[in-house]
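First comes the structure, then the notes that go with it.
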Amino acid sequence: MEPSNSIYENIGITNSISENVEPSNSISENIGITNSISENVEPSNSISENIGITNSISENVEPSNSISENIGITNSISENVEPSSSILDNFESATVEIKILSHNVFLLPKGLPGWGNWGQNERAERIASSNYIRNQDVIVFDEAFDTNARKILLDGVRSEYPYQTDVIGRTKEGWKATLGNYRSEAFTNGGVVVVSKWPIEEKIQYIFKERGCGADFFSNKGFAYVRINKNGRKFHIIGTHVQAQDSMCANLGKVSRMNQFNEIKSFIDSAKIPEQRNGSDRGRFERNQR
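If you count the sequence shown from 1, position 128 lands on 128 in this note's numbering, and the numbers rise without skipping.
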């Protein structure tokens, strides 16, 4: 029986087995249980208590001689193999959760014709001092267009959320990469900012190739992608603000929205961002209905 190499695609069991472990009858002798199961422990039929595999595995795996094809055992099983540090991501951190707040702050640029000052600075101060803004892990701010009001807001939350991106579409500096169709001639930025209580390990801005219609046509709309490390677990988050429902657009902007969502999907597929698997989470979207 040739063990499968697809370990990370399924349940992430590393390529080591602890000594003197008697696996249960429902799992074959060649399963690579890591050293997170202590020595001399005879796991019961509820092996999920020790390695975090839920009983739902029975729905997908039929214990047989070909079990390795279903749960992805690696090619080497040895008593002397050191367990991989990735076990922390796959099992011990399985209970790590993340709280994400998406907030349209409506800080339109004061220089926008026909709009002007709608108390953006004062509202930014009030938002930053509000109770509901506290005790989050990550916040995605949308429509943080106005420069002064945005600075008030971000400075006001910095003590709790020290890790911050720039607003998308303002500059290419400070980002690992700028993708899509960045337009230096755009009237305003894209309005999306991500702030985090936890370290941001990677940040990418993507400016939509589908630039939209109506008022959105004049902004560098797109999305911010961040990879956040919370206690060793990686979370992949996309914050965006797609085409608004606008009477100046054909079909109220429906076509532009769909094209923009397709661009997000293409980015996720090309970046191979995991879907709530192996210690990851992805996705935060907002669709403006005004």
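Where a beta carbon is used, it is the ideal one built from N, C-alpha and C, also for glycine.
These numbers come from a predicted model, not from an experiment.
| Check | Outcome |
| --- | --- |
| Residue interval of the alpha helix (DSSP H) (run including Phe218) | Careful: Phe218 lies outside any alpha helix (DSSP H) and carries neither H nor E. |
| Through-space distance from His103 to Gly300, alpha-carbon basis | Residue 300 lies beyond the stretch modelled for the chain, which goes from 1 to 290, so this question has no answer here. |
| Nearest to Arg183 (by Cα), restricted to the options Pro199, Asn220, Ala177 | Asn220 |
| C-beta atoms of Asn189 and Arg170 nearer than 8 Å | yes |
| Local Cβ density within 10 Å of Tyr225, reported as buried at 16 or more and exposed below that | buried |
| Under the three-state DSSP convention, the category Glu173 falls into | coil |
| Every unbroken alpha helix (DSSP H) inside the segment 85-172 [4 residues or more] | 120-128, 147-157 |
| Host alpha helix (DSSP H) of Gln260 (start-end) | 254-271 |
| Residue range of the beta strand (DSSP E) that includes Phe187 | Segment: none, Phe187 is in no beta strand (DSSP E) and carries neither H nor E. |
| Residue range of the beta strand (DSSP E) that includes Lys203 | 200-207 |
| Pick from Val195, Ile237, Lys172, Lys230 that is closest to Arg134, judged by C-alpha positions | Val195 |
| Reduced DSSP category for Asn251 - H, G, I as helix; E, B as strand; rest coil | helix |
| Spatial neighbours of Phe187 in its chain, beta-carbon cut-off 6 Å, leaving aside the 5 residues before and after | Phe218 |
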